[in-house]
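Quick note: the sequence shown uses our numbering, first residue 118, plus one each step. Below: the structure, in structure tokens.
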Amino acid sequence: MKYTIDTACVHAGTIIDEVTRGTRTPLYPSNSHLHLRMDEDVYPRHSNLPNQRAVADKLCTLEQGEMALMFSSGMAAISTALLTHLRAGDHLLVQPGIYSGAATFARRHLHPLGIDASFTEGTSREAFEQALRPNTRAIYVETPTNPLLGIVDLGMIADLAASRGLLTLIDNTVATPINQNPLVAGIDIVLHSATKYLGGYGDISAGAAIGSTALLAPMVDYINDYGGCLNPQACHLLERSLLTLALRIERVNYNALRLAEMLAGHSHVSSVRYPGLPDHPSHEIARQQMSGFGGLLTFEVSEHVDLRAFQQALRLVIPANSMGEVATTLNSPFEASTSFRNLTEAQQKAMGVSRQMIRMSVGIENINDLSADLDQALRQ
Ligand SMILES: *Cc1c(COP(=O)(O)O)cnc(C)c1O
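Below, the structure written as structure tokens:
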């Protein structure tokens, strides 16, 4: 029987231990196993430990895939997926504004291997079509993007890729499977930084890849060879985190939309970017492909607001560089990212990057407390 996603968060993948019959998956920390009694060699890098399998099975159900693999970080999932499926001579077409770590990986590690990666000029079908090359092998997207909240139409990407026989990969970290299921929209491989919302409590580093068995099984050798597997303790914590994923994301969706509306009407805020606001340039696409708009939003404070003073005046919201946890955090993408600072002023303008920009990752606190804290800090 197929359950709804909130039920699957609680029940999918759980391993019942035959000795104790406990209702939760036990932690199996062993990395060595009595091989004379086993058919396969169970070992962390082989991705076949019980805790790796339990959490991968749960994520697989949530994303509606056939197979999932766990990694030590989001970047381990992204790099392993790309290195498994691209070869020298291939071209990778990339949506602009993707997570800076993934962009850096393409520049620093794909190019020297003879794999070309280039960015499209926008997110329309024409922009992707124009940037295709005879040797294009795959399209890599992220929607919404971190931190600029760019949206790309997943059905359009899947359709275009199918017509050219291309592989498609998406970083689904910002949306989470609660708000968006790219495999259902026809995308081939879903990647996650589970360090963010999936982990949700700000205390683990993890990543995941989900897709068909045909595309995921070849990645097992690459995790084994590159070594980016996830340890059983983090798997166990992540499995526990996922029990509450639907609840957390429901609250995060609610809080973020309310805060986006509040900030959009605030006299010390000059602009707000959130896919749930009707003035977001891709609001219609977001509405069609997302069931909620997620917890990430960016806003620009007015020229006369000092960013440092604003952050120091916050009493509840935490100035911090990471995101996706139960507490509301914010930072300045401009200060956090050298890739933004190094752009020319014209490029910054084109990308919508500004010095006065704040990225906020909305948590599960009470909306009135969050709203009041932001308001008093903006007024300082
Ligand atoms: C954080 C992040 C990553 C990288 O994840 P790590 O777990 O830090 O390696 C990738 N993509 C997005 C969208 C992220 O926010």
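Ideal Cβ placement from N, Cα and C applies to all residues, glycine included.
**Message:** Would you say the beta carbon of N263 is closer than 7 Å to some non-hydrogen atom of ligand 1?
**Reply:** yes
**Message:** At the level of alpha carbons, what is the spacing between G214 and M468?
**Reply:** 8 Å
**Item:** Which of helix, strand or coil DSSP assigns to H309
**Value:** strand
**Prompt:** Would the C-beta of M192 count as close to ligand 1, meaning under 7 Å from any of its heavy atoms?
**Reply:** yes
**Request:** Grab me the residues of Y120's own chain with a C-beta within less than 8 Å of its C-beta, minus the 5 sequence neighbours each way, in chain order.
**Result:** H128, A129
**Prompt:** Based on Cα-Cα distance, which residue from L414, P398, H400 lies nearest to V389?
**Reply:** L414
**Message:** Quick check: G182 and V258, are their CB atoms within less than 8 Å of each other?
**Reply:** no
**Message:** Is the beta carbon of D342 closer than 8 Å to that of G328?
**Reply:** no
**According to DSSP, residues forming a beta bridge with T253** = H208
**Item:** Nearest-angstrom Cα separation, counted from S358 out to P143
**Value:** 15 Å
**Asked** Quick one: is R472 near chain C, going by C-beta distance under 8 Å?
**Response** The question asks about chain C, but that chain is absent: this structure has only one protein chain.
**Message:** If I measure Cβ to Cβ from S456 and keep anything under 8 Å in the same chain, skipping five residues before and after, which residues do I get?
**Reply:** S217, A220, T221
**Prompt:** Do L186 and S164 have their C-beta atoms closer together than 8 Å?
**Reply:** yes
**Asked** Going by DSSP, what residues sit across from P229 in a beta bridge?
**Response** Paired residues: none, contrary to the question.
**Prompt:** So, I195 versus N296, is the Cβ gap smaller than 8 Å?
**Reply:** no
**Message:** For the pair the stretch 430 to 448 and the stretch 472 to 488, tell me if three or more CB-CB distances fall below 8 Å.
**Reply:** yes
**Prompt:** Which class does V136 belong to by DSSP, given the choice of helix, strand or coil?
**Reply:** coil
**Message:** Using only CA atoms, which one of M474, N483, S454 lies nearest to T445?
**Reply:** N483
**Message:** Can you check which of these residues, I133, V418, A403, is closest to L271 by C-alpha distance?
**Reply:** A403
**Item:** Residue span of the alpha helix (DSSP H) that contains F222, given as start and end
**Value:** 217 to 222
**Prompt:** In three-state terms, what does DSSP make of N438?
**Reply:** coil
**Request:** Compute the Euclidean distance between the alpha carbons of H228 and M336, then round it to the nearest angstrom.
**Result:** 21 Å
**Item:** A173 classed as buried or exposed, judged by whether at least 16 other C-beta atoms fall within 10 angstroms
**Value:** buried
**Message:** Is the separation between the beta-carbon of G393 and that of A381 shorter than 8 Å?
**Reply:** no
**Message:** Please list the terminal residues of the continuous beta strand (DSSP E) segment that includes M468.
**Reply:** It is not in any beta strand (DSSP E) - M468 instead sits in the alpha helix (DSSP H) that spans 462 to 468.
**Request:** Give the secondary structure of F236 by DSSP, where H, G and I count as helix, E and B as strand, and everything else as coil.
**Result:** strand
**Prompt:** Does the pairing of the stretch 315 to 325 with the stretch 347 to 355 give three or more beta-carbon distances under 8 Å?
**Reply:** yes
**Asked** When the distance is taken between beta carbons, is T285 closer than 8 Å to G191?
**Response** no
**Request:** Return helix, strand or coil for R425, following the three-state DSSP convention.
**Result:** helix
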